[in-house]
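**Q** Numbering (the numbering used here), first residue to last: 1 to 334. Ideal Cβ positions, reconstructed from N, Cα and C, are used throughout, including at glycine. Okay, here's the structure, questions in a sec.
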Ligand SMILES: Cc1ncc(COP(=O)(O)O)c(C=O)c1O
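Following this line, the structure appears as structure tokens:
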């Protein structure tokens, strides 16, 4: 099967597995795993942040960040397509007792004027706006990328109003692969960052929180409270490090394939997609009838995609789609 349901379906390569078994490890709850310690320092430095904390998943990463930044009764501004709003099992309400204020943006990207207008006064009866959270690239928004200028403007708005700025960078690597900005340029704009190694980079597990030393110290305890304290996780950090070093360079191809397939689909006219609105490795297109019917047709040809609405299908490219697989996918639409 050619599996385009998500970029989380990749399997560890033999080289990655080899990298995992050859690293020194220790008990990370005691802070004694040299491999994860070095990897946390490396990724923090890459983004110009003081410290990092390896966590099992992107959801835990985002949610610990919100917990660290907020107090019960606070409000988080985010796009209405945000993963934190749609796909994290309402855990911001459960864990942090905050309310989310989802704004209507474009392709999952926040509009700066709308954000500024949504920031509330500090009256007793108002929820306290505490965090602006962006997702880059967007998932439900179809892989869109924030321009550096917009992120800087949002940082300025956050500073002006004394609000924190969080990045859900589960797929920040796909944005960085486009080369418009460096990790440091954007990293320094945020109070907290979550990055994932288990999406297009292809690690089996792992995300990381990046922030100040003090916040990471506190996040470490929160991770423990959530049952996320792990022992010899150097093995997982080694897989993530291998993915970063060896798979980052492949993301450009994933992005380019999604855009090229969008052009093919658009030309043929059976399905609807605006190729100018496909930015990185996620392709959303609309079907004339029920999405499930097209998914069955695709499946019969050995291609898996997923429904992203009653008449919308999502295809996500990743490095384990071979050139032959890709040609077969294109052939379906040609
Ligand atoms: C934008 C975004 N943030 C966070 C997550 C959560 O990651 P995880 O599945 O590792 O919890 C995902 C998962 O796909 C995502 O797309």
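My parser needs the alpha helix (DSSP H) runs of 4 or more residues fully inside the segment 283-322; what are they?
**A** The segment 283-322 contains these whole alpha helix (DSSP H) runs: 291-300.
**Q** From residue 141 to residue 315, what does the alpha carbon distance come to, in whole angstroms?
**A** Rounded to whole angstroms, residue 141 to residue 315 spans 13 Å at the Cα level.
**Q** Taking residue 194 as the reference, give the member of 213, 200 and 169 with the closest Cα.
**A** Checking every option, the nearest Cα to that of residue 194 belongs to 169.
**Q** Mind checking whether residue 137 and residue 282 have CB atoms under 9 Å apart?
**A** Yes, the Cβ-Cβ distance between residue 137 and residue 282 is below 9 Å.
**Q** When you compare only the Cα positions, how much space is there between residue 109 and residue 144?
**A** Roughly 7 Å between the two C-alpha positions.
**Q** Measuring from the CB of residue 64, is there a heavy atom of ligand 1 at a distance below 8 Å?
**A** Checking the Cβ of residue 64 against ligand 1 gives no.
**Q** Enumerated in chain order, which unbroken segments of the alpha helix (DSSP H) with a length of 4 residues or greater are wholly contained in the segment 217-272?
**A** List check, alpha helix (DSSP H) in window: 234-247 and 251-268.
**Q** Could you tell me which residues DSSP puts in a beta bridge with residue 341?
**A** This structure gives no information on residue 341, because the portion of the chain shown stretches from 1 to 334.
**Q** State buried or exposed for residue 74, treating a residue as buried only when at least 16 other CB atoms are found within 10 Å of its CB.
**A** Flag for residue 74 reads buried.
**Q** Counting beta carbon pairs with one atom in the segment 47-54 and one in the segment 73-90, are three or more of them shorter than 8 Å?
**A** No, the segment 73-90 does not touch the segment 47-54.
**Q** Would you check whether ligand 1 has a heavy atom nearer than 8 Å to the C-beta of residue 146?
**A** Checking every heavy atom of ligand 1 against the Cβ of residue 146, none is found closer than 8 Å.
**Q** Could you round the C-beta distance between residue 231 and residue 55 to whole angstroms and report it? I think they count as a contact, below 8 Å.
**A** Not a contact, Cβ separation roughly 14 Å.
**Q** With a threshold of 6 Å on Cβ separation, who are the neighbours of residue 139 within its own chain once the five nearest residues in sequence on each side are excluded?
**A** If we look at residue 139 and ignore the five residues flanking it on each side, its Cβ neighbours are 83.
**Q** Skipping 5 residues on each side, what residues in its chain have a beta carbon closer than 7 Å to that of residue 292?
**A** Counting only Cβ-Cβ distances below 7 Å, and skipping sequence neighbours, we find 307.
**Q** How long is the line joining the alpha carbons of residue 266 and residue 279, rounded to whole angstroms?
**A** Approximately 15 Å between the Cα atoms of the pair.
**Q** By the 10 Å Cβ neighbour count, where 16 or more other Cβ atoms means buried, how is residue 199 classified, buried or exposed?
**A** Buried, by the Cβ-count rule.
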